[in-house]
Ligand SMILES: N[C@@H](CCC(=O)N[C@@H](CS)C(=O)NCC(=O)O)C(=O)O
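So this is what it looks like as C-alpha cells:
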C-alpha cells in the first residue's frame with residue numbers, strides 16, 4: 001500500500017513531492033502532463049476529471065486533488081506536525097490563510113495561462129488574457145509580500161520551515177519568475193532562500209527546476 005503522485009516536472013506536483021519526501025512517505029511517481037496533447041490530458045483525466053495535476057492517490061485508493069488541500073492534509077497526517085503548525089498553534093490561522101490565498105488567488109490564474117481559450121474562444125484575445133494573468137499574479141505577490149513585511153523570522157511562520165514555505169518557494173519559480181520575484185518580494189525572498197537550502201528541497205528542486213542551490 002503506497003501513495004501514487006500524478007505530476008510533471010516543475011508543475012504543481014513539485015510541492016507534493018517535497019511534502020512526501022519531507023515526511024519520509026514512500027510513493028510512486030506517474031508522469032502525467034495535461035498540456036501534452038490528448039493522450040497526456042486523458043492520462044490526467046483518468047484520475048482527475050478536471051484534467052489538472054497534482055493528483056495524489058492515497059493508499060486506500062481515494063484520490064486527492066488541489067495542491068493546498070493535499071499539503072494541509074499531509075502536514076496534519078502523522079500527528080507530529082513537523083512541517084505544519086499544530087491546529088492549536090497561534091500560527092495556524094496565518095498558515096491556512098496564506099495556503100488558501102496562494103491556491104485560490106495566485107495558482108488559479110495559471111488556469112488562464114495554461115489554456116486561455118477556456119476563457120475566450122477568439123485567439124486574438126489570448127495575448128491580453130495571458131498578460132493580464134501575469135499582472136494578476138504580480139498583484140497577488142505584492143499582497144502576500146506586504147503581509148510579511150517586518151517579519152524577522154527565517155521562515156514565513158517563524159523558526160520552523162512549514163509547507164507554506166515550500167508552496168511559496170515552488171510558485172516563485174513560475175511566471176513572473178525568479179528575477180521579478182526577488183526584486184519585488186523582499187519580504188518573502190529570505191524565507192524562500194532558506195527553504196531552498198533544505199537538503200530535501202534541494203533534491204526536489206534539482207529534479208523539478210534543474211536548479212542547483214548552494215547549501
Ligand atoms: N487548483 C489546482 C490547480 C492545478 C493546476 O492548475 N495545475 C496545472 C499544472 S501546474 C495544470 O494541471 N494545468 C493544466 C490545465 O489547467 O489544463 C491545484 O491547486 O492543484
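In the UniProt record's numbering, the protein residues as written are 1 to 215.
C-beta: ideal position from N, C-alpha, C; glycine also.
The stretch 31-38 makes no contact with the stretch 66-85: fewer than 3 CB pairs, one atom from each, lie closer than 8 Å. Shortest Cα-Cα distance from residue 4 to any of 30, 12, 24 involves 30.
Look at residue 3 here: in three-state DSSP terms it is strand.
In this structure residue 192 is buried. Its beta-carbon is surrounded by 16 or more other beta-carbon atoms within 10 angstroms. With contacts defined by Cβ atoms closer than 8 Å, residue 100 and residue 68 form a contacting pair. Counting only unbroken stretches of 3 or more residues, the beta strand (DSSP E) elements lying wholly within the stretch 28-114 are 55-57, 63-65, in sequence order. The beta carbon of residue 209 sits closer than 7 Å to those of 10, 173, all from its chain and outside the five residues before and after it, given in chain order. Taking residue 109 as the centre and dropping the five residues before and after it, the same chain places the C-beta of 133, 136, 137 closer than 6 Å to its C-beta, in chain order. When DSSP reads this structure, residue 155 sits in a beta bridge with 158.
Between the alpha carbons of residue 103 and residue 77 lies a distance of about 20 Å.
It is roughly 42 Å from the alpha-carbon of residue 215 to the alpha-carbon of residue 118. Taking all protein chains shown into account, residue 63 has fewer than 16 neighbouring C-beta atoms within 10 Å of its C-beta and is therefore exposed. In this structure residue 130 is in contact with residue 113, their Cβ atoms being roughly 6 Å apart against a cut-off of 8 Å.
The C-alpha of residue 198 lies about 26 Å from the C-alpha of residue 143.
Within the stretch 171-197, the complete alpha helix (DSSP H) segments of 4 residues or longer fall at 177-184, 186-196, listed in chain order.
Taking 4 residues as the shortest admissible run, the stretch 115-142 contains no complete alpha helix (DSSP H) segment at all.
The alpha carbon of residue 49 has as its nearest neighbour, out of 60, 58, 34, the alpha carbon of 34.
Just so you know, the alpha carbons of residue 178 and residue 94 end up roughly 24 Å apart.
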